[in-house]
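K.L.:
Quick one: structure below, then a few questions.
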Amino acid sequence: NAGVTQTPKFQVLKTGQSMTLQCAQDMNHNSMYWYRQDPGMGLRLIYYSASEGTTDKGEVPNGYNVSRLNKREFSLRLESAAPSQTSVYFCASSEVANQPQHFGDGTRLSIL
Amino acid sequence: DQQVKQNSPSLSVQEGRISILNCDYTNSMFDYFLWYKKYPAEGPTFLISISSIKDKNEDGRFTVFLNKSAKHLSLHIVPSQPGDSAVYFCAASVTSYDKVIFGPGTSLSVIP
Numbered sequence: 554n555a556g557v558t559q560t561p562k563f564q565v566l567k568t569g570q571s572m573t574l575q576c577a578q579d580m581n582h583n584s585m586y587w588y589r590q591d592p593g594m595g596l597r598l599i600y601y602s603a604s605e606g607t608t609d610k611g612e613v614p615n616g617y618n619v620s621r622l623n624k625r626e627f628s629l630r631l632e633s634a635a636p637s638q639t640s641v642y643f644c645a646s647s648e649v650a651n652q653p654q655h656f657g658d659g660t661r662l663s664i665l
Numbered sequence: 002d003q004q005v006k007q008n009s010p011s012l013s014v015q016e017g018r019i020s021i022l023n024c025d026y027t028n029s030m031f032d033y034f035l036w037y038k039k040y041p042a043e044g045p046t047f048l049i050s051i052s053s054i055k056d057k058n059e060d061g062r063f064t065v066f067l068n069k070s071a072k073h074l075s076l077h078i079v080p081s082q083p084g085d086s087a088v089y090f091c092a093a094s095v096t097s098y099d100k101v102i103f104g105p106g107t108s109l110s111v112i113p
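Protein sequences, first through last, are from chains R and X.
If you number the first sequence the way my numbering does, the last residue is 665 and the count never jumps.
If you number the second sequence the way my numbering does, the last residue is 113 and the count never jumps.
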């Protein structure tokens, strides 16, 4: 069972570069989420998609964009990376909003 | 201002004893609460949840207690095992909304 798959697992970028973090789930879940985890801050919601075709901002959306490509895939894009975006990024999915979420193993992103 | 607080960044317990992890929240609209466990280099995994219509929910060694008047919940692990060593996140949501708010986490170490 793959569950939630995130790619890449690690990435180093230079300030100003762009990149897209990929996320796919194989559980036929309707809702998908992107979080960032920083020391002492817990998991903060960046963007979420309650259902296919919809996306909404979370707590910390600035500097990010998302695309719900289809029911399985939800990507996160950094258009112009900044050192403050150095973090561990987690994608999650749930059958419907507010149900327990299944998480991927994270993408560790460093921006120099 | 954090809506979900876990005031103990870390906790150390002897194997076989009880572990009690605490969580406080400020938003009285929250009506669904969850606990997640996270091992290093992995994504969080759902552990147990409780609805605001209950004050206790039990699943094996794990019990969550909810005190709505105090806006406080706790996770009890009995007996604690070395494999329980992980970071535990408390999370809360409002059923009618799509977002879940996570606390900063408590790192539990169970000493053999």
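Every residue gets a Cβ at the ideal spot worked out from N, C-alpha and C, and that includes glycine.
Compute the distance between the beta-carbons of R:Leu662 and R:Gln638, then report whether it is under 9 Å.
P.N.:
In the first sequence, counting from the first residue as 1, residue 662 of chain R sits at position 109. In the first sequence, counting from the first residue as 1, residue 638 of chain R sits at position 85. Yes, the pair counts as a contact, with Cβ atoms nearer than the cut-off.
K.L.:
From the DSSP output, which residues share a beta bridge with X:Ala92?
P.N.:
Translated into the one-based positions of the second sequence, residue 92 of chain X becomes position 91. For X:Ala92, which the question treats as bridged, DSSP gives the partners X:Leu35, X:Phe103.
K.L.:
Hey, is X:Phe63's beta-carbon within less than 9 Å of any beta-carbon in chain R?
P.N.:
For this step, residue 63 of chain X is matched to residue 62 along the second sequence. Closer than 9 Å: no.
K.L.:
Is it true that the stretch 8-28 of chain X meets the stretch 626-641 of chain R, where meeting means three or more beta-carbon pairs spaced less than 8 Å apart?
P.N.:
As far as the Cβ criterion goes, the stretch 8-28 of chain X does not touch the stretch 626-641 of chain R, which means the pair count is below three.
K.L.:
Anyone know if the C-beta pair for R:Arg630 and R:Val619 falls short of 9 Å?
P.N.:
As a position in the first sequence, residue 630 of chain R is number 77, starting the count at 1. As a position in the first sequence, residue 619 of chain R is number 66, starting the count at 1. Yes; because the gap between Cβ atoms is below 9 Å, this pair is in contact.
K.L.:
Quick check: the Cα distance between R:Asn581 and X:Val95, rounded to an integer number of angstroms?
P.N.:
To locate residue 581 of chain R, count along the first sequence from 1; it is residue 28. To locate residue 95 of chain X, count along the second sequence from 1; it is residue 94. Answer to the nearest angstrom: the Cα atoms are 23 Å apart.
K.L.:
Can you tell me whether X:Val19 is buried or exposed, with buried defined as 16 or more other CB within 10 angstroms of its CB?
P.N.:
By one-based count along the second sequence, residue 19 of chain X stands at place 18. In the sequence as displayed, the identity of residue 19 of chain X is Ile instead of Val. The residue in question, X:Ile19, is exposed, as its Cβ has fewer than 16 Cβ neighbours within 10 Å.
K.L.:
What residues in the stretch 635-655 of chain R have a beta carbon less than 8 Å from any beta carbon of chain X?
P.N.:
Listed by position along the chain: Phe643, Ala645, Ala650, Asn651, Pro653, Gln654, His655.
K.L.:
Listed in chain order, which residues of the stretch 48-81 of chain X have Cβ atoms closer than 7 Å to some Cβ of chain R?
P.N.:
So the close ones are Ser50.
K.L.:
Measuring only between beta-carbons, confirm whether R:Gly659 sits less than 9 Å from chain X.
P.N.:
Stepping through the first sequence from its first residue, residue 659 of chain R is reached at position 106. It does; some Cβ of chain X falls within 9 Å.
K.L.:
What residue range does the beta strand (DSSP E) around R:Leu574 cover?
P.N.:
Along the first sequence, one-based indexing puts residue 574 of chain R at 21. From DSSP, the beta strand (DSSP E) with R:Leu574 extends over 572-578.
K.L.:
9 Å is my cut-off, CB to CB: does X:Ala42 come that close to chain R?
P.N.:
To locate residue 42 of chain X, count along the second sequence from 1; it is residue 41. Output row for X:Ala42: interface = yes.
K.L.:
Within the present structure, is the beta-carbon of R:His655 separated from the nearest heavy atom of the ligand ADP by less than 8 Å?
P.N.:
Absence of the ligand ADP is noted for the structure shown, with no ligands found whatsoever.
K.L.:
Could you give the first and the last residue of the continuous beta strand (DSSP E) run that contains X:Asp2?
P.N.:
Here residue 2 of chain X corresponds to residue number 1 of the second sequence, with the count starting at 1. Taken as a continuous stretch (DSSP letters only), X:Asp2 belongs to no beta strand (DSSP E), as it is neither H nor E.
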